[in-house]
Each structure stands twice: as structure tokens, then as C-alpha cells.
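> In the numbering used here, the protein residues as written are 103 to 386.
All C-beta atoms in this analysis are idealised placements derived from N, C-alpha and C, irrespective of residue type, glycine included.
(1) Which ranges does the alpha helix (DSSP H) cover as unbroken runs of at least 4 residues, wholly within the stretch 210-265, from first to last along the chain?
(2) Can you tell me whether DSSP reads residue 127 as helix, strand or coil?
(3) For residue 207, I'd like the list of residues in its chain whose CB is within less than 6 Å of its CB, leaving aside the five on either flank, ordered along the chain.
(4) Is residue 340 closer than 8 Å to residue 389 when the C-beta atoms are compared?
(5) Taking 8 Å as the CB-CB limit, is residue 308 close to chain C?
(6) Can you tell me whether residue 307 is helix, strand or coil according to DSSP?
(7) How many whole angstroms separate the CB atoms of residue 289 and residue 230, which I take to be in contact at a CB cut-off of 8 Å?
(8) When DSSP labels each residue in this structure, what does residue 292 get in the three-state scheme?
(9) Specify whether the stretch 340-360 and the stretch 236-250 touch according to this definition: at least 3 beta carbon pairs, one from each stretch, less than 8 Å apart.
(10) Comparing alpha-carbon positions, which option in 166, 135 and 133 lies nearest residue 149?
(11) Quick one: measure Cβ to Cβ for residue 132 and residue 185, integer angstroms, because I've assumed they're closer than 8 Å.
(12) Comparing alpha-carbon positions, which option in 145, 238 and 263 lies nearest residue 127?
(13) Quick one: residues in its chain with C-beta nearer than 6 Å to the C-beta of residue 315, no 5 flanking neighbours on either side, listed in chain order?
(14) List the DSSP bridge partners of residue 297.
(15) Can you list, in chain order, the residues of its chain whose CB lies under 7 Å from that of residue 144, leaving out five sequence neighbours each side?
(16) Have a look at residue 76 and residue 147 and give me their C-alpha separation to the nearest angstrom.
(17) Once the 5 residues before and after residue 344 are set aside, which same chain residues still bring their CB inside 6 Å of it?
(18) Give the straight-line distance between the Cα atoms of residue 177 and residue 264, rounded to the nearest whole angstrom.
(19) For residue 140 and residue 227, which I take to be in contact (beta-carbon distance under 8 Å), what is that distance rounded to the nearest angstrom?
(20) Which residues in the same chain have their Cβ closer than 6 Å to the Cβ of residue 259, if we skip the five residues on either side of it in sequence?
(21) Tell me which same chain residues have a C-beta within less than 7 Å of the C-beta of residue 135, skipping the five on either side of it?
(22) Quick one, are the C-beta atoms of residue 63 and residue 142 less than 8 Å apart?
(23) Taking the beta carbon of residue 129 as the centre, do at least 16 other beta carbons fall within 10 Å, making it buried, or is it exposed?
(24) Is it right to say residue 243 is buried, meaning 16 or more other beta carbons lie within 10 angstroms of its own, or is it exposed?
(25) Mapping the DSSP letters down to three states, classify residue 200 as helix, strand or coil.
(26) Keeping to the same chain, check which residues put their C-beta closer than 8 Å to that of residue 342; ignore five residues upstream and five downstream.
(27) So, are the CB atoms of residue 215 and residue 274 less than 8 Å apart?
So, in C-alpha cells, the structure goes:
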């Protein structure tokens, strides 16, 4: 992370005990978002930790209803109406709970499709979120995070309009997290990122941010062309839209008098984790 500028020379010599020290920045917003995502996942039926949801068919129905209740359906956003979706021949088609399509965009950011899905998203948020938050402040970071989540989701809904993907439930935080990646790339393009490369053994190598995130962006772009939109999977278009929005926001911030940083991202494995699941996932 960037460190504060050196203090002005003191009028008299100081000892190590009374010399001014930089106060370490604590990314409370980033840590708070991670904690909330983990909490929501643990108390839900997908984690498998709560016995109240039962087992077998009962749990499967609970998981499906959970996705449809708290996830977001792109077609519902376009029509501003709740669709009556067929969940399963073994499960009721009505969860019995009210749903507001626009609000479901927010709730879907905290719903994940499995432990690997959650871990992959939280890893990216942990690695890249702190430095962006330090640059713009905790409150602005929260507003930025939510706004980019909405931008990515509504953009994805328009992208999938009229296709089978428009009626598939979308869950995950990575539309917003992709926005964080875009902002990080703009603000810290030369920062060094430690990544684990799976070549026989996991080799820790350091690469500049522009290379790591540029490669990530290319993978998302190519994946859109290689996947069938009618099959539930990863919402790559939401990633690209969120990433572009985050980059544009940071560029405007930089144009208003900021400066690009040369910080070093905290060491971590910059690898995505994906797992198949009935709802379409947002995973960086």
C-alpha cells in the first residue's frame, strides 16, 4: 500500500519512541464486505452447515428456492416484474415471499453458489479491495462497490435480453468485485502482484498488475465466445461490464487531480475458483 509522505524535519532531535509513525490503514469496508458475505453463506442452505434445512430433496428444494428468492433474474429487471419460474418437479414453484427485482440486485451480491465460489470472490476482494479503499475512503468504496454491482447486473440483463440466460438466476459478488479490479488497474498499473502458478508445484511469481488483470480481462472476453448462454455457468459479460465501469470511475478520479500509485498488492493467489451450480454465477 502507499505510505504517507515523510514528515518534515523536526526542530530538535527525537528518539525512536517519540518520532512520528505512520498510522497503518485498516480497510474496514473491505473486511466488512467479506465478513458479511461469509456470514450470509454460512447461515444459508448452500453451506450445508445448518441442519434446519434438512437433507436430500428437502435441502435441494431449499437451495433452489434460496437462489430464486435472493438471487437476481435478468428478465425480471428488464420487465420490473417477478416471473413465475418453474423451480423443479419436486419443489414448489412459489417461495411465498415477496421479491422486488431492483432490490434483488443488492441481495444477490451476498449470495454464493458454493464454498469455492465464495472463496474465489473473497480472495479477489481481499487482494485488490484494500488499496482501492485506501485511495477513495471506506464510505466512497462501499458506494462504489454497490454502484458497480448494479451497473454490472443491469448491463448483463441488457446483454442477455431475449436469450435463455435472461431467465437464469444470477448470484455472486463478482460484478462489483470486477469493478474493484478495473479501478485497481487504473490506479496501480505497475503494482506487483504475487500469483501462484500451478506448474507441477504452485510457484509464487510476481507480475505487474497490468499483466495479471489484462490477462484476466482477456480470459473473460474469450470465455463469452466459448460458452453456451443457455447453459447455467459464469456470467462473464457481467465481469467485463463491471471491470470497464470500475476502470472508468478510477480514470475520472485520476483526471481530477489524483496520481497513480506504485504500491505492491498483498501477496495472495490471484486465481479464480469456480464450481457448477444451478444458478448462473458471477466469479472473477
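Taking the coordinates as given:
(1) 217-238 and 240-261
(2) One-based indexing of the chain shown puts residue 127 at position 25. Coil at residue 127, not helix or strand.
(3) Position 105 of the chain shown, counted from the start, is the residue given in the question as residue 207. Counting only Cβ-Cβ distances below 6 Å, and skipping sequence neighbours, we find 174, 252 and 255.
(4) Here the chain comprises residues numbered 103 to 386, so residue 389 is not present and cannot be evaluated.
(5) Going by chain labels, chain C is absent from the structure shown, which holds only one protein chain.
(6) Counted from its first residue, the chain shown places residue 307 at position 205. Strand, per DSSP.
(7) Here residue 289 corresponds to residue number 187 of the chain shown, with the count starting at 1. Here residue 230 corresponds to residue number 128 of the chain shown, with the count starting at 1. Going by Cβ atoms, the distance from residue 289 to residue 230 rounds to 10 Å, so no, they are not a contact pair.
(8) Locating residue 292 in the chain shown gives position 190, where the first residue counts as 1. Of the three classes helix, strand and coil, the one that applies to residue 292 here is coil, per DSSP.
(9) yes
(10) Taking the first residue of the chain shown as position 1, residue 149 is located at position 47. Here the closest residue by C-alpha is 166.
(11) As a working mapping, residue 132 is identified with position 30 in the chain shown. As a working mapping, residue 185 is identified with position 83 in the chain shown. That pair is no contact at about 34 Å.
(12) Residue mapping note: residue 127 aligns to position 25 of the chain shown, counting from 1. Out of 145, 238 and 263, 238 has the C-alpha closest to the C-alpha of residue 127.
(13) Taking the chain shown and counting its residues from 1, the one referred to as residue 315 is at position 213. Cβ neighbours of residue 315 beyond the five flanking positions: 283 and 287.
(14) As a working note, residue 297 is residue 195 in the chain shown. According to DSSP, residue 297 shares a beta bridge with 307.
(15) Numbered from 1 along the chain shown, position 42 holds the residue referred to as residue 144. Excluding sequence neighbours, residue 144 sits near 151.
(16) No answer is possible for residue 76: the residues shown for the chain start at 103 and end at 386.
(17) Here residue 344 refers to the residue found at position 242 of the chain shown. 250, 254, 277, 280 and 281.
(18) Residue 177 sits at position 75 when you count from the first residue of the chain shown. Residue 264 sits at position 162 when you count from the first residue of the chain shown. Approximately 8 Å, taken between the alpha carbons.
(19) Locating residue 140 in the chain shown gives position 38, where the first residue counts as 1. Locating residue 227 in the chain shown gives position 125, where the first residue counts as 1. About 11 Å separates the beta carbon of residue 140 from that of residue 227, a gap too long to meet the 8 Å contact definition.
(20) Position 157 of the chain shown holds residue 259. Residues 176, 179 and 180 of the same chain have their beta carbon placed closer than 6 Å to that of residue 259, with the five preceding and five following residues left out of the count.
(21) Position 33 of the chain shown, counted from the first residue, corresponds to residue 135. Closer than 7 Å at Cβ, skipping near neighbours: 227 and 247.
(22) No information on residue 63 is available, as it lies outside the stretch 103 to 386 that the chain covers here.
(23) Indexing the chain shown from 1 puts residue 129 at position 27. Buried, because 16 or more other Cβ atoms sit within 10 Å of the Cβ of residue 129.
(24) By 1-based counting over the chain shown, the position of residue 243 is 141. Buried, because 16 or more other Cβ atoms sit within 10 Å of the Cβ of residue 243.
(25) Translated into positions along the chain shown, residue 200 becomes position 98. Of the three classes helix, strand and coil, the one that applies to residue 200 here is coil, per DSSP.
(26) Sequence index remark: in the chain shown, residue 342 carries index 240 (1-based). Same-chain partners within the cutoff: 280, 319, 322, 323 and 326.
(27) On the chain shown, residue 215 is found 113 positions in, with the first residue counted as 1. On the chain shown, residue 274 is found 172 positions in, with the first residue counted as 1. Taking 8 Å as the cut-off, the beta carbon of residue 215 is found closer than this to the beta carbon of residue 274.
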